[in-house]
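Participant:
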Amino acid sequence: MNSTILSKVEQIKSDSDYLAGEIASQLKNSNSFFEESEIQLLKFHGTYQQFDRDTATKLKKIGREKEFSFMIRTKIPGGILSWKQYIDLDNLSNEFADSSLRITTRQTFQFHGVLKENLKKTISNISKMLITTYGACGDVVRNVTTIAAPIKDAIHNQLRKDALKISSYFIPSSTSYGQIWINGEKYEYQKKEKEEPIYGKTYLPRKFKIGITIPEDNSVDALTNDIGIFLIHKNNRVLGYNIAIGGGLGMTHNKPETFPYLAKFVLFCESEYLLSVLEEIIKIQRDYGDRTNRKHARLKYLVAEKGTDWFKNEIEKKLNIIFNKPKKIINLKVVDHLGWHKQENGKWYIGIFIPSGRIKDQNNIKIKSGLRDIIKTFKTSVILSTDQNIFLGDILDKDKDLIDKILEKNLITKKISKINRWFLACPALPTCGLALAEAERVRDDLVNRIDKILLKHNLINEKISIRITGCPNGCARPYAGDIGIVGRTPNHYALFTGGDFEGTRLNSKILDKVSYKDLTVALEQIFLLFKDQKNKNETLGDFCNRIGKDIQFKKIEEVLDEKVQ
Ligand code: SRM
Ligand code: SF4
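Once you know that position 336 of the sequence shown is 1409 in our numbering, the rest is easy, because the numbers rise by one and skip nothing.
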């Protein structure tokens, strides 16, 4: 650690009386915003204060206040909802938000555009649906992710059970949430009530993420989590869990001491020890994580600096158990679950593609109305996925055609290009306060441009994962895809290539700053190199990783007028 002065957020947490702060009183005043300390505390309660970045500069010029509103993030472990919960959330988004529901890359829903006067009503209504927003953000364990496809075999059932169990185990204990949003306005921490037995008074040094999956399906990008869990099984029986630690993607441009990192395998444990192993890892991060510098506070820095053997020893010492080394995992895979699939007992599920996870009606494409119609009529189960799509399950054979007709009527796309299928984009502008460039709003245009290039060069059938974010924080996991496009300055992006489709290798930067216009010109050159020089069955990510940065850079430099970096 460079300094011993705690970061500002540490003081705010410490003074907050277990996350209460002055939220309750500030909720009642007539301001359209909260004060700085409360903004930080509100995150633990699942909400971010934002403002419309499209209008902010203009309003400032005429001396008017920014247009503040709130993003509310729910916590939906494994992305699993009942049909009724879905319909209630849909209603709520019409009543209090900007009428969109946004599926996040951690398989939950966000509401955008909620005004302060409606914040309490929205959160308390969500809780009436038996859904919480507590711990959806903040320095605690966030939404626990797992495979979304509602496959009902013993192993997938177990994954879902584990995700729920882990999520409830690590939910904060402080009663401030209930008292502020649900029962009453007055918050008084009562000593006799549960304190935070795991987190302590200042919670964790930073956000903490857990994902659980099986080696046969890494569609959840498990290694990008602080803890990535791989359930190991044989003959439909759970043998135990491989635990990987220290994944995380956020970094800052031009600050090499910040970096994306994939989780490293540390140990194998049997089922009975899963929760205690997770708890010990979290407590190690609680006690050793850097609380002086939030850009160095994630578990990944501790793992990179201390190594996995140190972690294994610490966990073993605390639990007084010697654990085996992780089981060998050969080749992770990513399964495509979109479209119709048999579920069980003659029932079906369908995975439906939602661009950027944005559920809304726009012109004659009526994603929101169409989904609502299907879910309400057929009372399907609903599951959100970490690639921002939605799954509807428990569908009878006789209803399949009717559902297809509703999808068609509302122009909800079933046939999409491969690039579109795997293309992720974070929200970025206008809601995200950290965005440096556009992401979600340029997604469809970029997909179209790339598709055209691939078609021209006969590469349209290549399976390539491309992910764009408006800044280097990595919310759509850009560094874990074949290609990452990362906002740099307005209208400019850094370009990363050479990751893999399975999420086991990070990509690396080949261009530091390229304009949006030249981005596709640069990508075309990489596709041409790939076409001419790839080995049989080689994927784009593997190819770029093999040839390295210099060859790609040189090829791009030849065709771009503007000097690239
Ligand atoms: Fe994220 C901050 C959106 C998944 C890394 N993320 C933000 C904020 C809250 C901006 C802010 O702090 O003011 C964004 C809100 C924008 C908006 O208008 O909605 C935001 N993150 C998102 C979502 C909605 C992106 C999406 O396309 O769905 C995802 C919500 C997930 C959820 O339901 O919990 C989202 N964020 C991620 C992921 C991917 C993942 O978890 O699988 C990452 C990379 C993995 C990781 O954590 O390292 C990610 N978000 C960040 C970071 C960088 C953290 C770091 O260690 O440096 C920030 C900034 C921060 O924490 O300081 C951030
Ligand atoms: Fe905002 Fe950056 Fe995350 Fe995109 S990657 S949502 S721009 S913080």
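Virtual Cβ for every residue (Gly too), placed ideally from N, Cα, C.
(1) Tell me the DSSP bridge mates of residue 1559?
(2) Beta-carbon within less than 6 Å of residue 1623's beta-carbon, same chain only, minus the 5 sequence neighbours each way: which residues are those?
(3) Leaving out the 5 sequence neighbours to the left and right, which residues in its chain are closer than 8 Å to residue 1441 when beta-carbon positions are compared?
(4) Would you call the CB atoms of residue 1327 and residue 1400 closer than 8 Å?
(5) Just checking my contact of residue 1270 with residue 1246 at CB under 8 Å: how many whole Å lie between their CB atoms?
(6) Using three-state DSSP, classify residue 1425 as helix, strand or coil.
(7) The beta strand (DSSP E) spanning residue 1306 covers which residue range?
(8) Does the contact criterion of 3 or more C-beta pairs under 8 Å hold for the segment 1515 to 1529 versus the segment 1476 to 1488?
(9) Please report the residue range of the beta strand (DSSP E) in which residue 1314 lies.
(10) Go to residue 1143, then tell me how far its beta strand (DSSP E) extends in each direction, as first and last residue.
(11) How would you call residue 1364, buried or exposed, if buried means at least 16 neighbouring beta carbons within 10 angstroms?
(12) How long is the line joining the alpha carbons of residue 1265 and residue 1248, rounded to whole angstroms?
(13) Does the beta-carbon of residue 1546, which I'm using as the reference point, lie nearer than 7 Å to any heavy atom of the ligand SF4?
(14) Using a Cβ-Cβ cutoff of less than 7 Å, which residues in the same chain neighbour residue 1594 once the five nearest sequence positions on both sides are dropped?
(15) Evaluate contact between the segment 1353 to 1361 and the segment 1271 to 1279, counting only Cβ atoms and requiring at least three cross-stretch pairs below 8 Å.
(16) Below 7 Å, is the gap between the Cβ of residue 1301 and the nearest heavy atom of the ligand SRM?
(17) Cβ-heavy atom distance between residue 1470 and the ligand SRM below 7 Å?
(18) In terms of residues, what are the limits of the alpha helix (DSSP H) holding residue 1596?
(19) Which of the three DSSP states is assigned to residue 1122 in this structure?
(20) Roughly how many angstroms lie between the CA atoms of residue 1074 and residue 1374, to the nearest whole one?
(21) If you reduce the DSSP assignment to three classes, tell me which class residue 1414 lands in.
(22) Out of 1198, 1242, 1417, which has the shortest C-alpha to C-alpha gap to residue 1256?
(23) Taking all protein chains shown into account, decide if residue 1215 is buried (16 or more other Cβ within 10 angstroms of its Cβ) or exposed.
(24) Hey, how far is the Cα of residue 1094 from the Cα of residue 1230?
(25) Can you find at least 3 beta carbon pairs, one from the segment 1449 to 1465 and one from the segment 1141 to 1152, that sit closer than 8 Å?
Facilitator: Per the coordinate set shown:
(1) For residue 1559, which the question treats as bridged, DSSP gives the partners 1542, 1567.
(2) Within the same chain, no residue comes within 6 Å of residue 1623 by CB-CB distance, once the 5 residues on both sides are set aside.
(3) Taken in chain order, the residues that qualify are 1163, 1172, 1173, 1174, 1432, 1433, 1434.
(4) No. Outside cutoff.
(5) About 7 Å separates the beta carbons of residue 1270 and residue 1246, which is inside the 8 Å limit, making them a contact pair.
(6) Looking at residue 1425 - three-state DSSP - the assignment turns out to be strand.
(7) Run containing residue 1306: 1300 to 1307, per the beta strand (DSSP E) assignment.
(8) Segments in contact, no.
(9) Note, residue 1314: beta strand (DSSP E), 1310 to 1318.
(10) Taken as a continuous stretch (DSSP letters only), the beta strand (DSSP E) holding residue 1143 covers 1141 to 1146.
(11) Around the CB of residue 1364, 16 or more other CB atoms lie within 10 Å, so the residue is classed as buried.
(12) At residue 1265 the pLDDT is 47, less than 50, meaning the model places this residue with poor confidence and gives no usable figure here.
(13) Yes, Cβ of residue 1546 sits closer than 7 Å to a heavy atom of the ligand SF4.
(14) Cβ-Cβ distances below 7 Å link residue 1594 to 1632, 1633 in the same chain, with the five nearest sequence neighbours on each side left out; the list follows chain order.
(15) At 8 Å Cβ cutoff, the stretches touch.
(16) No, the Cβ of residue 1301 stays beyond 7 Å of every heavy atom of the ligand SRM.
(17) Not under cutoff, so the answer is no.
(18) Following the DSSP letters along the chain, one finds residue 1596 inside the alpha helix (DSSP H) bounded by residues 1589 to 1606.
(19) Correct three-state label for residue 1122: strand.
(20) Residue confidence is low: residue 1074 scores 45 on pLDDT, short of 50, so the model does not pin down where it sits. Its coordinate-derived value is still stated next. Near 11 Å, if we compare the C-alpha coordinates of residue 1374 and residue 1074.
(21) Strand at residue 1414.
(22) The alpha carbon of residue 1256 has as its nearest neighbour, out of 1198, 1242, 1417, the alpha carbon of 1198.
(23) Only buried fits residue 1215, as 16 or more other CB atoms lie within 10 angstroms of its CB.
(24) Rounded to the nearest angstrom, the two C-alpha atoms are 40 Å apart.
(25) Pairwise C-beta distances place the segment 1449 to 1465 in contact with the segment 1141 to 1152, as three or more of them are shorter than 8 Å.
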